[in-house]
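Number of protein chains: 2
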Amino acid sequence: MRANPKIGKLVVIGVGLIGGSFALALKKAKAVKYVTGVGRTRKNLTAALKMRIIDEASTDAAQAVVDADLVLLAMPVGQMPEVMARIAPHLPPHAVVTDGGSTKQDVVAYARRFLGAHFPRFVPAHPIAGTEHSGAAAAFADLYRGKNVIITPQPETTARAQQLVRVAWQRCGARIVRLAAQEHDAIFAAVSHLPHVVAFALVNALARRTDAKKLFGFSAGGLRDTVRIAGSSPEMWRDICAANRNELLAVLDDFEDELETVRSAIESGDGAALEHLFEHARTARNKWLKRD
Amino acid sequence: MRANPKIGKLVVIGVGLIGGSFALALKKAKAVKYVTGVGRTRKNLTAALKMRIIDEASTDAAQAVVDADLVLLAMPVGQMPEVMARIAPHLPPHAVVTDGGSTKQDVVAYARRFLGAHFPRFVPAHPIAGTEHSGAAAAFADLYRGKNVIITPQPETTARAQQLVRVAWQRCGARIVRLAAQEHDAIFAAVSHLPHVVAFALVNALARRTDAKKLFGFSAGGLRDTVRIAGSSPEMWRDICAANRNELLAVLDDFEDELETVRSAIESGDGAALEHLFEHARTARNKWLKRD
Numbered sequence: 001m002r003a004n005p006k007i008g009k010l011v012v013i014g015v016g017l018i019g020g021s022f023a024l025a026l027k028k029a030k031a032v033k034y035v036t037g038v039g040r041t042r043k044n045l046t047a048a049l050k051m052r053i054i055d056e057a058s059t060d061a062a063q064a065v066v067d068a069d070l071v072l073l074a075m076p077v078g079q080m081p082e083v084m085a086r087i088a089p090h091l092p093p094h095a096v097v098t099d100g101g102s103t104k105q106d107v108v109a110y111a112r113r114f115l116g117a118h119f120p121r122f123v124p125a126h127p128i129a130g131t132e133h134s135g136a137a138a139a140f141a142d143l144y145r146g147k148n149v150i151i152t153p154q155p156e157t158t159a160r161a162q163q164l165v166r167v168a169w170q171r172c173g174a175r176i177v178r179l180a181a182q183e184h185d186a187i188f189a190a191v192s193h194l195p196h197v198v199a200f201a202l203v204n205a206l207a208r209r210t211d212a213k214k215l216f217g218f219s220a221g222g223l224r225d226t227v228r229i230a231g232s233s234p235e236m237w238r239d240i241c242a243a244n245r246n247e248l249l250a251v252l253d254d255f256e257d258e259l260e261t262v263r264s265a266i267e268s269g270d271g272a273a274l275e276h277l278f279e280h281a282r283t284a285r286n287k288w289l290k291r292d
Numbered sequence: 293m294r295a296n297p298k299i300g301k302l303v304v305i306g307v308g309l310i311g312g313s314f315a316l317a318l319k320k321a322k323a324v325k326y327v328t329g330v331g332r333t334r335k336n337l338t339a340a341l342k343m344r345i346i347d348e349a350s351t352d353a354a355q356a357v358v359d360a361d362l363v364l365l366a367m368p369v370g371q372m373p374e375v376m377a378r379i380a381p382h383l384p385p386h387a388v389v390t391d392g393g394s395t396k397q398d399v400v401a402y403a404r405r406f407l408g409a410h411f412p413r414f415v416p417a418h419p420i421a422g423t424e425h426s427g428a429a430a431a432f433a434d435l436y437r438g439k440n441v442i443i444t445p446q447p448e449t450t451a452r453a454q455q456l457v458r459v460a461w462q463r464c465g466a467r468i469v470r471l472a473a474q475e476h477d478a479i480f481a482a483v484s485h486l487p488h489v490v491a492f493a494l495v496n497a498l499a500r501r502t503d504a505k506k507l508f509g510f511s512a513g514g515l516r517d518t519v520r521i522a523g524s525s526p527e528m529w530r531d532i533c534a535a536n537r538n539e540l541l542a543v544l545d546d547f548e549d550e551l552e553t554v555r556s557a558i559e560s561g562d563g564a565a566l567e568h569l570f571e572h573a574r575t576a577r578n579k580w581l582k583r584d
């Protein structure tokens with residue numbers, strides 16, 4: 001096991017913000033020799049080739065992985081089972097597979113089922129980085145600099161596979177944090193999936209009104225920042241909501257309870273209660289930012 | 293009526309982000325000769341003096357306004373009635389009064405009642421600018437550059453008073469937009485008051501958990517932006533919720549309906565419905581940003 005292994009051939013399946021930035025970062029760090037990008041549409045792959053994110057484009061995942069050293073699954077999590085089943089018969093016996101999915105329990109279960117004998121070389125991972133933009137055009141080499149990448153290795157996961165994935169992410173400038181898959185999903189339901197659902201709902205509440213155009217015209221930085229993440233990929237978020245359904249519904253309950261508490265205080269004109277609620281939130285947010 | 297009147301003495305009651313930035317902007321534009329700041333606590337006024345936001349500090353609003361040319365009421369809207377009643381007997385007959393309150397129907401009603409004979413020289417206004425910070429230390433001269441300032445003049449409001457307030461805001465770099473007070477309150481309930489309430493509730497939903505510290509430690513830019521405005525002044529937002537109660541409850545209803553629609557789709561595993569909802573939000577947000 002070398003401390004700083006160079007990856008011969010990286011195959012990125014799904015060359016979007018996450019997959020594209022991973023390839024760019026490893027290229028910038030000279031940690032990879034050759035990158036094949038796999039996608040569903042030629043248009044995005046052509047953009048990725050032009051941006052030199054990938055050296056070769058393919059729409060056939062099975063064929064692309066036959067000589068891969070590392071495979072990154074960077075599609076929306078709903079496509080994981082199909083892609084895993086498709087590549088499993090063609091993966092070479094040394095290839096390490098990892099993913100960038102926003103949920104981990106479901107991805108681990110899919111991998112266990114569909115990667116078969118390759119499962120010990122699958123390292124479940126989730127880079128905590130992103131923007132509201134998607135597609136290859138949104139990718140950039142420094143996306144992961146200073147960011148956390150959560151890995152949720154399983155009892156079967158080999159040390160070599162973990163080491164290769166750890167080092168790759170470190171070469172992208174990221175820090176590795178290990179969590180249990182269940183804990184990962186509970187945490188990100190709260191700090192990521194809930195805020196996205198809230199932002200989408202907030203935009204829709206305004207956008208459905210007949211005066212929506214006027215409303216947005218009068219909005220300022222507050223609304224703009226609050227709903228920035230409502231620009232995120234609908235397909236990706238559809239899959240996350242399905243994959244992390246139970247954890248997400250639990251935190252949605254908590255949020256709706258909070259909203260009811262505020263509503264009651266507004267309805268009854270309880271200024272002291274409102275000020276207390278807002279002060280509680282401000283203090284928590286400010287403390288959090290200070291530590292950040 | 294001069295096109296570009298210079299204000300002799302400006303009195304800012306409430307030297308925070310809004311009032312302090314107004315004074316700084318007018319000073320920078322050389323549109324004011326002398327600024328007196330009025331506040332409840334010496335500490336904030338001392339900071340304002342040090343930052344040269346104001347030339348003189350006072351804790352006595354009545355005494356400060358006796359030779360004022362323009363008075364800006366920049367306290368939380370809940371304090372308006374008391375301050376208006378306090379200054380009315382002492383305002384000189386030429387003085388123009390304006391405010392920076394986030395709600396307008398209530399402020400107009402207070403002014404009509406408490407400013408008495410001075411009401412025709414009161415120009416209700418709301419600068420659409422701000423940050424999540426508050427207090428004199430947060431003030432800066434360019435806060436209003438390129439921003440909208442809504443004015444909601446009444447039938448009685450004199451042309452001279454409107455002109456003086458218009459020009460003052462224009463010298464701060466702002467654009468003036470005229471609206472009816474009712475329309476203003478309905479619009480800002482949707483694009484400002486609702487997002488603030490949502491951001492406060494979202495932080496509280498996470499902050500109340502026993503694992504809150506860990507949660508925040510794993511959060512990324514998405515949550516940070518979504519709850520930025522939860523750092524805003526609790527006292528100010530308490531007053532806005534009280535002042536714009538009915539409009540706010542109406543948009544809170546719309547938002548809770550949207551949230552229920554998303555929740556149902558998550559519960560029933562309706563991926564197509566979820567993707568449609570998220571796509572609707574993304575399209576609306578992106579269109580809005582494009583126009584912005």
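One line per chain: the protein sequences are V and W, in this order. Numbered according to the numbering used here, the first sequence spans residues 1 to 292. Numbered according to the numbering used here, the second sequence spans residues 293 to 584. Virtual Cβ for every residue (Gly too), placed ideally from N, Cα, C.
A366 of chain W places its beta carbon 8 Å or farther from that of G427 of chain W. Chain V places no beta carbon closer than 8 Å to that of I310 of chain W, leaving this residue out of the contacts. Among the CB atoms of chain W, none fall inside 8 Å of the CB of F114 of chain V. Contiguous beta strand (DSSP E) elements confined to the segment 119 to 149 of chain V occur at 125 to 127, taking only those with 3 or more residues. In this structure, DSSP gives R537 of chain W a helical state, which the three-state scheme calls helix. Using a C-beta cut-off of 8 Å, the segment 445 to 454 of chain W makes no contact with the segment 325 to 339 of chain W, since fewer than three inter-stretch Cβ pairs fall below that distance. Taking the Cα positions, K320 of chain W is about 54 Å away from I558 of chain W.
Contact between the segment 275 to 289 of chain V and the segment 385 to 405 of chain W is absent: fewer than three C-beta pairs spanning the two stretches fall below 8 Å. Where A57 of chain V is concerned, the enclosing beta strand (DSSP E) starts and stops at 56 to 58.
The segment 538 to 550 of chain W makes contact with the segment 199 to 213 of chain V, as at least three CB pairs between them are under 8 Å. Here V96 of chain V carries a strand assignment [DSSP, helix/strand/coil]. Distance check between A466 of chain W and each of W:I479, W:I443, W:A481 places W:I443 closest, using alpha-carbon atoms only. The beta carbon of L115 of chain V lies closer than 6 Å to those of M84, A88, F122 in the same chain, with the five residues before and after it left out. Residue ranges of uninterrupted alpha helix (DSSP H) with 4 or more members, entirely inside the segment 59 to 117 of chain V and ordered along the chain, are 61 to 64, 80 to 87, 105 to 114. For A186 of chain V, the closest C-alpha among the options W:E475, W:D503, W:L456, W:W461 is that of W:D503. Under the 8 Å criterion on CB atoms, F255 of chain V is classed as interfacial with respect to chain W.
Residues of the segment 432 to 455 of chain W whose Cβ lies closer than 9 Å to any Cβ of chain V, in chain order: K439, N440, I442.
Within the segment 567 to 578 of chain W, E567, H568, L569, F570, E571, H572, A573, R574, T575, A576, R577, N578 place their CB atoms closer than 9 Å to a CB of chain V, listed in sequence order. Residue state for I305 of chain W is assigned as strand, using DSSP reduced to three classes. For E527 of chain W, the nearest beta carbon of chain V is closer than 8 Å to its own beta carbon. For I305 of chain W and V330 of chain W, the gap between their C-alpha atoms comes out near 5 Å. Interface flag for H418 of chain W against chain V is unset, since no Cβ pair is found closer than 8 Å. The beta carbon of V388 of chain W sits closer than 6 Å to those of L362, R413, A453, L456, all from its chain and outside the five residues before and after it, given in chain order. Chain order gives the chain W residues near G269 of chain V as A534, R537, where near means a beta carbon separation below 8 Å. In this model, G514 of chain W and P195 of chain V are separated by some 7 Å (Cα to Cα).
Note on T98 of chain V: 16 or more other CB atoms within 10 angstroms of its CB, so buried under the neighbour-count rule. Membership of K579 of chain W in the alpha helix (DSSP H) is indicated by the continuous run 563 to 583.
Excluding residues up to 5 positions away in sequence, S21, F22, A25, P127, A129, W169, C172, G173, A174 lie with their Cβ nearer than 8 Å to the Cβ of Y144 of chain V in the same chain. Rounded to the nearest angstrom, the gap between the Cα atoms of S58 of chain V and A138 of chain V is 20 Å.
One alpha carbon belongs to M528 of chain W, the other to I229 of chain V, and they sit about 27 Å apart.
With a threshold of 8 Å between beta carbons, V38 of chain V makes no contact with chain W.
Each residue's CA atom was taken as its position, placing A499 of chain W and A189 of chain V some 14 Å apart.
In this structure H386 of chain W does not touch A354 of chain W by the C-beta definition: roughly 17 Å separates them, more than the 8 Å allowed. Residues of chain W whose Cβ lies closer than 7 Å to the Cβ of W288 of chain V are, in chain order, F508.
Between the C-alpha atoms of V324 of chain W and I310 of chain W there is a straight-line separation of about 17 Å. Comparing alpha-carbon positions, the option among V:A141, V:G78, V:E183 lying closest to M51 of chain V turns out to be V:A141.
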